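Notes for the one structure printed next.
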Amino acid sequence: MLHVRVFSPSQHTDAVMAVLRSHPDVSALALLPHASVRPDGDLVLADVPREAANDVIDEIRSLGVTDEGTIHVDQVQTWVSRKGLAAERRAPGSSADAVVWAEVIENAYGDAELNWTYLTFMTLATLIASIAIAIDSQILVIGAMVLGPEFGAIAALGVGLVRRRPALLRYAARTLVLGFGCAIVVTAGLSLLARGVGWVHRADVVGHRAGTSFIYSPDRWSFTVAVIAGAAGVLSLTSARLGGLSGVFISVTTVPAAGNVALGLVFGAWGEARGSGLQLLVNIAGMAVAGWLTLVVQQTVWSRVSLRRQPR
5 MLHVRVFSPS
15 QHTDAVMAVL
25 RSHPDVSALA
35 LLPHASVRPD
45 GDLVLADVPR
55 EAANDVIDEI
65 RSLGVTDEGT
75 IHVDQVQTWV
85 SRKGLAAERR
95 APGSSADAVV
105 WAEVIENAYG
115 DAELNWTYLT
125 FMTLATLIAS
135 IAIAIDSQIL
145 VIGAMVLGPE
155 FGAIAALGVG
165 LVRRRPALLR
175 YAARTLVLGF
185 GCAIVVTAGL
195 SLLARGVGWV
205 HRADVVGHRA
215 GTSFIYSPDR
225 WSFTVAVIAG
235 AAGVLSLTSA
245 RLGGLSGVFI
255 SVTTVPAAGN
265 VALGLVFGAW
275 GEARGSGLQL
285 LVNIAGMAVA
295 GWLTLVVQQT
305 VWSRVSLRRQ
315 PR
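Per the working numbering, residue 5 is the first one in the sequence shown, and the count goes up by one each step.
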């Protein structure tokens, strides 16, 4: 169940109430006249099953409410209502499968934002990956994978394409390019310092590494795993359940590849640098394509659900 709050300008309130009153899946509805100060208007509260949220939000937005007002959508953790239960049962589909596009787009913009927090996490993850490569530690590789924040921006690429948001597509692409670029440059600089003080030697990078050699050896399985992980990650981000994201982070070799690119450039291991760069591109491409296809399927499915709902 979702709780929808509408800060409605006075001239739109009657139309908003008419939409919510007429919608069969709205199980609770309240109007607080003159409760909104900015904008000058009213506060409308409604409970809606997750499966019906897109229709309700789209109808309210079509009234022009969001030009001056605001729509808030919150997940209700616990609720007890016979009418609410009837509304959830009546709504086609499952709440866990429902995609609330307003929520997905909002999260995508947040994940695609290039900020110091993103750059810091990306750089720290890449540094850990470079240490993992130098000491041939699979455990540290996994730690770097989990710490890396890149998947949100990769998923935002698909959201930008599917929902026709070119600005989001540009933001996400810029965040990925600058994020990985900054992380590689900082890691290369610190690797050069580690080489100078004798902490890391060329043999550590170009020698046999049983635990981390996969990082610079992309093959058909690299793309296959990236596709599967990308689909699973998008499903986790768009559904009401987020349990699969940690598995996605551990499955793809993006951050470790960036760390190996930095080491390869510093120690002149050009073959490893090229292989790792290709591994990075293969994983990003696989996840982006899988995310786009998953979102296309979800959009198609939920568009048909909306059509089934219209005769009511």
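Glycine included, each C-beta is placed from N, C-alpha and C at the ideal position. Just so you know, these numbers come straight off a predicted model, no measurement behind them.
Within the DSSP bridge table, the entry for F11 names L47, T74 as partners. When only Cα atoms are considered, I61 and T74 end up about 11 Å apart. Burial check for D29: the Cβ neighbour count within 10 Å reaches 16 or more, so the residue is buried.
Per DSSP, the continuous beta strand (DSSP E) segment holding L33 begins and ends at 32 to 40.
L6 sits in a strand when the DSSP states are folded into three classes. V20 is positioned such that its CB atom lies no closer than 7 Å to that of M149.
Counting other Cβ atoms within 10 Å of its Cβ, G275 stays below 16 and is therefore classed as exposed. Looking at V103, R178, V209, the one whose alpha-carbon comes closest to that of R54 is V103. The beta carbons of T121 and C186 sit about 13 Å from each other, so the pair does not count as a contact at 8 Å. Assignment of beta-bridge partners to V189 by DSSP yields no partner. Straight-line measurement puts the Cα of G281 at about 6 Å from the Cα of V265.
For the pair of segments examined, the segment 126 to 141 was found to touch the segment 150 to 163: the number of CB pairs separated by less than 8 Å reaches three. For V69 against V10, the beta-carbon gap comes to about 6 Å, under 8 Å, which counts as contact.
If one requires a minimum length of 4 residues, the alpha helix (DSSP H) runs lying completely within the segment 170 to 223 are 170 to 200, 206 to 210, in chain order. Rounded to whole angstroms, S14 and A294 show a C-alpha spacing of 44 Å. Going by DSSP, D62 is part of the alpha helix (DSSP H) stretching over 57 to 65. No Cβ-Cβ contact shorter than 7 Å links L285 with A262. Going by C-alpha positions, I288 is about 25 Å away from V210. Between L118 and G164 the beta-carbon gap is near 15 Å, outside 8 Å, which marks them as no contact. CA-to-CA, the gap between R25 and A90 works out to about 16 Å. The three-state reading of DSSP puts V52 in strand, counting E and B together. Here V166 is buried. Its C-beta has 16 or more other C-beta atoms within 10 Å.
Here V300 is exposed. Its C-beta has fewer than 16 other C-beta atoms within 10 Å.
Between the segment 219 to 236 and the segment 194 to 207, the count of Cβ pairs shorter than 8 Å is below three; the stretches do not touch.
Under DSSP, Q79 forms a beta bridge with L6. Under the criterion of beta carbons closer than 8 Å, V77 and M5 do not qualify as touching, at roughly 11 Å. In the three-state DSSP reduction, S85 falls in the coil class, being neither helix nor strand.
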